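Read through the structure below, which is laid out as structure tokens, and then see the notes.
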Amino acid sequence: MAATLSSTTALYASARASVPVKVRLVGGLLPRRSPGKVTALVALTAGLYGIVWLALLSRDLKRTTQNDELRPGLDLLLMVLTGGLWGLVVLHRCARYIHAVSMYFDRSHEDRSREVLLYSLGSLFSFGLLGLPAVYALQEQANGLALLAERRTAERARRGERGSDRFDLRDA
Numbered sequence: 074m075a076a077t078l079s080s081t082t083a084l085y086a087s088a089r090a091s092v093p094v095k096v097r098l099v100g101g102l103l104p105r106r107s108p109g110k111v112t113a114l115v116a117l118t119a120g121l122y123g124i125v126w127l128a129l130l131s132r133d134l135k136r137t138t139q140n141d142e143l144r145p146g147l148d149l150l151l152m153v154l155t156g157g158l159w160g161l162v163v164l165h166r167c168a169r170y171i172h173a174v175s176m177y178f179d180r181s182h183e184d185r186s187r188e189v190l191l192y193s194l195g196s197l198f199s200f201g202l203l204g205l206p207a208v209y210a211l212q213e214q215a216n217g218l219a220l221l222a223e224r225r226t227a228e229r230a231r232r233g234e235r236g237s238d239r240f241d242l243r244d245a
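Counting in the working numbering, the sequence shown runs from 74 upward without gaps.
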């Protein structure tokens, strides 16, 4: 029991260290998509929808976490220039980032970034077929973060806190 508590504390500490200090989740900006539908669209379009989906996911993560270090436009450009290979990097990075942010707010979050990485690398040797479980797993993780963001936003609204420290044109 003590070893489990120690490893959980270490995981939580490493997740807190890998997330910017001023992370504030904003609900409603990371849409929940059906992992099955996303995976099917990626399969039916031979991966082309995967590039679009990853760019949208990066953009939505940037909006939800208000992290200016995420660069969805650059990721999209690199995915197009490399014929989608940069998408393997984006898949793994998004999975790690979702886990780190989720651990920051919820200690019980399961890290699936290694699973996403292994499936992504396996897709290189399986004509992209092993990339489909990676897409499914990452979309499930993104849905979990979207739900967490919505709950935290609702809790802040219930307590009467401001939704964001940043200026929002919709408030003007």
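The beta carbon of each residue, even a glycine, is placed where N, CA and C say it ideally should be.
Source: prediction; values computed, not measured.
Within its own chain, the residues whose Cβ lies closer than 6 Å to the Cβ of Ser196, once the five positions on either side in sequence are excluded, are Leu203, Gly204, listed in chain order. At the C-beta level, Asp141 and Leu103 stay beyond 8 Å of one another.
Secondary structure of Glu213 (DSSP, three-state): helix. Annotation: Pro104 is outside any alpha helix (DSSP H) and is labelled neither H nor E by DSSP. Comparing alpha-carbon positions, the option among Glu228, Thr112, Gly217, Ala230 lying closest to Ser181 turns out to be Gly217.
Of the candidates Leu143, Ala119, Thr118, Leu117, the residue whose Cα lies closest to the Cα of Leu129 is Leu143. Of all C-beta pairs linking the segment 160-180 to the segment 117-131, three or more are shorter than 8 Å, placing the two stretches in contact.
In this structure, the alpha-carbon of Arg231 lies about 10 Å from that of Arg224. Rounded to the nearest angstrom, the Cβ distance from Leu164 to Thr137 is 18 Å, too far for a contact under 8 Å.
Residue state for Glu142 is assigned as coil, using DSSP reduced to three classes. Annotated as proximal: Met152 and Leu127, with beta-carbon spacing under 8 Å. The beta carbons of Val208 and Val125 sit about 12 Å from each other, so the pair does not count as a contact at 8 Å. In the structure shown, Leu98 falls within a coil segment according to DSSP collapsed to helix, strand and coil.
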